[in-house]
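Mind the numbering: the sequence shown is residues 3 to 323 in the numbering used here, read in order.
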Amino acid sequence: MFPNVRMRRLRENAILRRMVEETELEIEDFIYPIFVDENIKNRMEIPSMPGISRLPIDYLADEGKELEDLGLKAVLLFGIPYCKDEGASSAYDDKGVIQKSIRKLKEETNLLIFADLCMCEYTSHGHCGIVSGNKILNDKTLEIYQKIALSYAKSGVDVVAPSGMMDGQVKAIREILDSNGYEYIPIMAYSAKYSSSLYSPFRDAAESAPKFGDRKTYQMNYSNSREAMREIELDIMEGADIIMVKPSLFYLDIIKMAREKFDLPIAAYNVSGEYSMVKSASMAGYIDEKAVVKELLTSIKRAGADIIISYHAKDYARWIK
Ligand code: PBG
Ligand code: ZN
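In structure tokens form, the structure reads like this:
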């Protein structure tokens with residue numbers, strides 16, 4: 003105890019401070035989300051997410067190479083399709099926006115391609131599953147998820163990432179992949195995905211807001227943490243390879259709990275609303291963007307995440323280059 007112990011001793015020298023640092027971000031930790039829009043000819047800025055754009059498929063090769071030049075290794079694809087219907091048929095079209103994007107990026111880059119697997123960007127009603135009346139039908143939805151997974155696999159995806167929060171989705175996807183010879187495609191499961199108000203900029207970007215009701219019958223109630231552990235445990239039993247907590251910053255306790263309880267790699271999704279809050283405060287000059295972003299990303303890793311999905315990844319990569 004004081005005066006023998008002085009915590010400040012190790013803080014005196016910058017080299018020493020760095021040497022005893024417990025948490026270090028690496029560029030390899032990041033996945034950068036990309037919105038691919040089949041309906042546009044030019045890059046289109048997303049007003050609620052300054053610095054982030056929707057891209058036409060033709061821009062993907064250049065974007066991918068730029069990311070690689072910055073040292074980034076992985077992307078997560080979201081698609082805005084040409085047409086939407088009740089059953090999300092454009093989501094499993096072999097000529098669909100994601101399928102074409104996967105093939106393009108695989109041809110032109112060495113990036114690792116994660117593809118978000120859900121229906122909400124492809125349905126006319128904007129829900130993540132098959133709708134009947136005002137209900138979202140779980141098991142009927144799984145059949146569609148299987149079709150999407152198979153068409154992603156055929157297009158050459160590296161990792162599939164189901165985000166719809168239907169019960170049994172990991173098992174259903176694992177089964178269809180395995181029975182078609184894709185045993186080695188990993189599943190990154192959005193396991194503890196909360197029904198959060200922080201997704202609204204994303205829904206502008208992806209045009210995926212539900213036309214009626216909300217997602218509370220499938221996404222989790224933010225008041226619950228033990229339930230998140232059950233969700234994760236089930237996904238692990240169903241065959242998930244990577245588990246995810248989403249959003250990240252208001253949910254660091256969940257990441258920490260999952261880290262203590264489970265040994266699988268954990269991904270944390272630093273979502274659109276988290277990004278937009280930091281970006282707008284930075285643009286207004288209220289905070290120092292670079293410092294705040296480094297701090298927040300480090301906090302996600304310190305909480306226990308191995309993988310960070312973040313719209314800040316490109317900026318971060320530029321800053322450390
Ligand atoms: C689709 C999906 C969403 C996000 C990722 N996949 C939106 C939602 O559930 O409404 C949100 C990502 C973000 O806000 O950055 N199910
Ligand atoms: Zn969805």
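Beta carbons: idealized from backbone N, C-alpha and C, even for Gly.
Counting along the chain, the unbroken beta strand (DSSP E) around D39 starts and ends at 32-39. Under DSSP, G81 shares a beta bridge with V38.
Distances between the C-beta of M121 and the heavy atoms of ligand 2 include at least one below 8 Å.
C130 has its CB nearer than 8 Å to a heavy atom of ligand 2. Leaving aside the five residues that flank K213 on each side, the residues in its chain whose CB is nearer than 6 Å to its CB run, in chain order, H127, G128. In the structure shown, the three-state DSSP call for Y277 is helix. Ranked by Cα distance from L251, the first of W321, G215, E297 is E297. In terms of side-chain proximity, the C-beta atom of F80 is found nearer than 8 Å to a non-hydrogen atom of ligand 1. If you check the C-beta of P83 against ligand 1, you find no heavy atom less than 8 Å away.
For M246, the enclosing beta strand (DSSP E) has its first and last residue at 244-248. I138: member of the beta strand (DSSP E) spanning 137-139, first to last residue. Secondary structure note for M231: its alpha helix (DSSP H) is the uninterrupted segment 228-240. Ligand 2 has no heavy atom closer than 8 Å to the beta-carbon of S274. Ranked by Cα distance from D39, the first of D87, R261, P267, I100 is I100. The closest heavy atom of ligand 1 lies 8 Å or more from the beta carbon of D39. For I187, no alpha helix (DSSP H) encloses it, and the DSSP letter there is neither H nor E. For K213, the CB stays at least 8 Å from every heavy atom of ligand 1.
Using a Cβ distance threshold of 9 Å, L62 and L107 count as a contacting pair.
Scanning L72, I115, I48 for the CA closest to the CA of Y318 turns up L72. Listed in chain order, the non-local C-beta contacts of A315 below 8 Å within the same chain comprise F32, I33, Y34, L74, local neighbours out to five positions each way being set aside. One alpha carbon belongs to L179, the other to S153, and they sit about 10 Å apart. For the segment 137-173, the continuous alpha helix (DSSP H) assignments of 4+ residues that do not extend past its boundaries occur at 140-157, in sequence order. The Cβ atoms of L79 and I115 lie closer than 9 Å to each other.
A contact between stretches requires three or more CB pairs, one per stretch, nearer than 8 Å, and the segment 268-288 meets this requirement with the segment 201-212. Sequence-distant partners of Y313 (beyond 5 residues in either direction) whose C-beta falls short of 8 Å from its own C-beta, in its chain, are Y34, P35, M51, G53, I54, N272, S274, Y277. Collapsing the DSSP output to three states places M9 in a helix.
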